[in-house]
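In full-length UniProt numbering, the protein residues as written are 1 to 336. Where a beta carbon is used, it is the ideal one built from N, C-alpha and C, also for glycine. First the structure, in the form of structure tokens, and then the observations on it.
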Amino acid sequence: MKLKGIHKVKRRLASGEIRIHYYAWRGGPEMQAAPNTEAFAAELLKHRAESAPAEVKTLDDLIDAFEQSPAFSALAEKTQDGHKHSFREIRKEWPKLPLKLTQQRGMKAMIRKWHHTFAANPRKADQMLFSLSRVFTFGIDEEMIEKNPCTGIDRLYTGSRKESVWTPELIALFREKAAPHMLLAFEMAIHTGQRQGDLLLLTWKQYDGTHLSFEQGKTKKRVRVRVHSKLKAMLDALPKDKMRILTNSRGRPWTKDGFKTSWGKECARLKIEGVTFHDLRGTFITERRREGSTTEQIASITGHSIAEVGRVLEKHYLATDQQTSDAVILRMEKNI
């Protein structure tokens, strides 16, 4: 059976051998039994039973139980950080709220009112609503409560990045004037459509000269992307004496905050505004669709579901894509 939430860490021994260590969850106890055995499954069950909270009486207790659970440990670090920030606000609003009261009539109205107090910052408001809803969903899964009072509450943020794609002019500007270590990150993103976090963690072992292999941190999906000839020329010309492919100006691995800061400074220096590094992912999707690739083909590279690619194209990027709409008429003229 497939066991969820297991955390694997690869370590290189002094002999050069690579050994994989298994943990019951991220930050949890190390597993002693051999993987893929009944003993391993039994040991995991024992660790999870021991980590389960003895009693959950309040919303605070439910949040504590979620934060200590394998379900929370399995989340990406960025997602965990977002939840933790939200939980601080939620605890301030409802300190020691009896859990049974969250199941009674009127709780949804209270949550909706609280949600709207953050209307000045709708994205923050929706993040906190999402975190609270996730806690209640955990409670339902663990049979601590029966319903999620957040269900049916509309989100406040309605904006989109439908016009926030990198134009040919911006792409040409970055390629002409960006620092080499920033340009490599740019080319990796625009040629693969992968997320920033997955690109920063990419090692040379994941490149076989033809393809780049990813295990996406957010979705845990495995994707294999054929390297474009232009990107291949860049990669093949680089020294392979570092573990990571992308490094900073000092040849050291990027930290998440370090890259974010350096990227912002580089865009400011080049006077590039209105687009982000993440928009390179949307630009990849848009350009591949313009070229004629299907949503299925795009999804196989980006790691989205087919439905998600369709939503990205419809809601965020192609809604105001003049080139795409013009192409319809141009094709019509050829057939008349």
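Just to confirm the assignment, what range does the alpha helix (DSSP H) spanning residue i have?
i, result
"R311", "306-311"
"R289", "279-290"
"R224", "Run containing R224: none in the alpha helix (DSSP H); it sits in the beta strand (DSSP E), 222-226."
"P180", "180-192"
"T302", "295-302"
"residue 346", "Since the first residue shown for the chain is 1 and the last is 336, residue 346 is missing from the structure and cannot be characterised."
"D198", "196-200"
"A65", "59-67"
"I171", "168-177"
"K230", "229-236"
"L246", "It is not in any alpha helix (DSSP H) - L246 carries neither H nor E in the DSSP assignment."
"A71", "70-73"
"K46", "38-51"
In its own chain, which residues sit with a C-beta less than 8 Å from the C-beta of residue i, not counting the 5 before and 5 after it?
i, result
"Q216", "Q194, R195, D198, R222, V223, G303"
"K124", "F118"
"T203", "M243, R244, I245"
"E55", "D61"
"H116", "A125, L156"
"V308", "In the sequence on display, residue 308 carries Glu and not Val. Counting only Cβ-Cβ distances below 8 Å, and skipping sequence neighbours, we find A299."
"D236", "G209"
"E93", "W114"
"A49", "none"
"G82", "Q127, S131"
Check the C-beta distance from residue i over to residue j and give it rounded, since I have them as a contact under 8 Å.
i, j, result
"E296", "I306", "6 Å"
"F118", "A189", "The Cβ separation is near 31 Å, so there is no contact."
"T111", "P149", "Looking at the sequence shown, residue 111 is not Thr but Ile. 6 Å between Cβ atoms; contact."
"P29", "H47", "6 Å"
"S164", "G274", "6 Å"
"Q103", "K147", "6 Å"
"S51", "Q68", "6 Å"
"L173", "W254", "Their Cβ separation, rounded to whole angstroms, is 23 Å, which puts L173 and W254 out of contact at 8 Å."
"W25", "S73", "3 Å"
"L280", "K177", "Actually they are not in contact, since the Cβ atoms of L280 and K177 sit about 17 Å apart, beyond 8 Å."
"F87", "S133", "With 8 Å as the limit, F87 and S133 do not qualify as a contact, their Cβ atoms being about 12 Å apart."
"L129", "I153", "6 Å"
"K256", "A76", "K256 to A76, Cβ: 11 Å. No contact."
Does any C-beta atom of chain D lie closer than 8 Å to the C-beta of residue i?
i, result
"A109", "The chain labelled as chain D is not found in the depicted structure, where only one protein chain is given."
Over the uninterrupted beta strand (DSSP E) stretch that includes residue i, give me the two end residues.
i, result
"G215", "Looking at the sequence itself, residue 215 is Glu, so the reference to Gly does not match. 211-215 is the extent of the beta strand (DSSP E) around E215."
"R11", "7-12"
"I20", "18-23"
Sorted by chain position, which residues of the same chain lie with C-beta nearer than 7 Å to residue i's C-beta, five sequence neighbours on each side aside?
i, result
"L13", "R19"
"M234", "L184, E187"
"G310", "T295"
"F40", "M31, A33, A34"
"P122", "L156, Y157"
"E43", "M31, Q32, A33"
"L45", "none"
"L3", "A41, L44"
Excluding the 5 residues preceding and the 5 following residue i in the sequence, name in chain order all residues of the same chain whose CB lies nearer than 6 Å to its CB.
i, result
"T191", "First, the amino acid is wrong: residue 191 is His here, not Thr. Taken in chain order, the residues that qualify are H228, L231."
"M182", "E266"
"T283", "V165, W166"
"S213", "Q206, R224"
"Y23", "H7, E30"
"R226", "H211"
"K10", "I18, I20"
"K108", "P149"
"W263", "F277"
"K240", "W204"
"R175", "none"
If you scan the region 83-150 from start to end, which runs of the beta strand (DSSP E) of 3 or more residues do you find wholly inside it?
If only uninterrupted beta strand (DSSP E) runs of at least 3 residues are considered, none is enclosed by the region 83-150.
Check whether the region 247-256 and the region 122-141 touch, using three or more Cβ-Cβ pairs below 8 Å as the test.
No: fewer than three Cβ pairs fall under 8 Å.
The region 80-99 contacting the region 56-63, beta-carbon criterion three pairs below 8 Å
Below 8 Å, enough C-beta pairs join the region 80-99 and the region 56-63 to call them touching: three or more.
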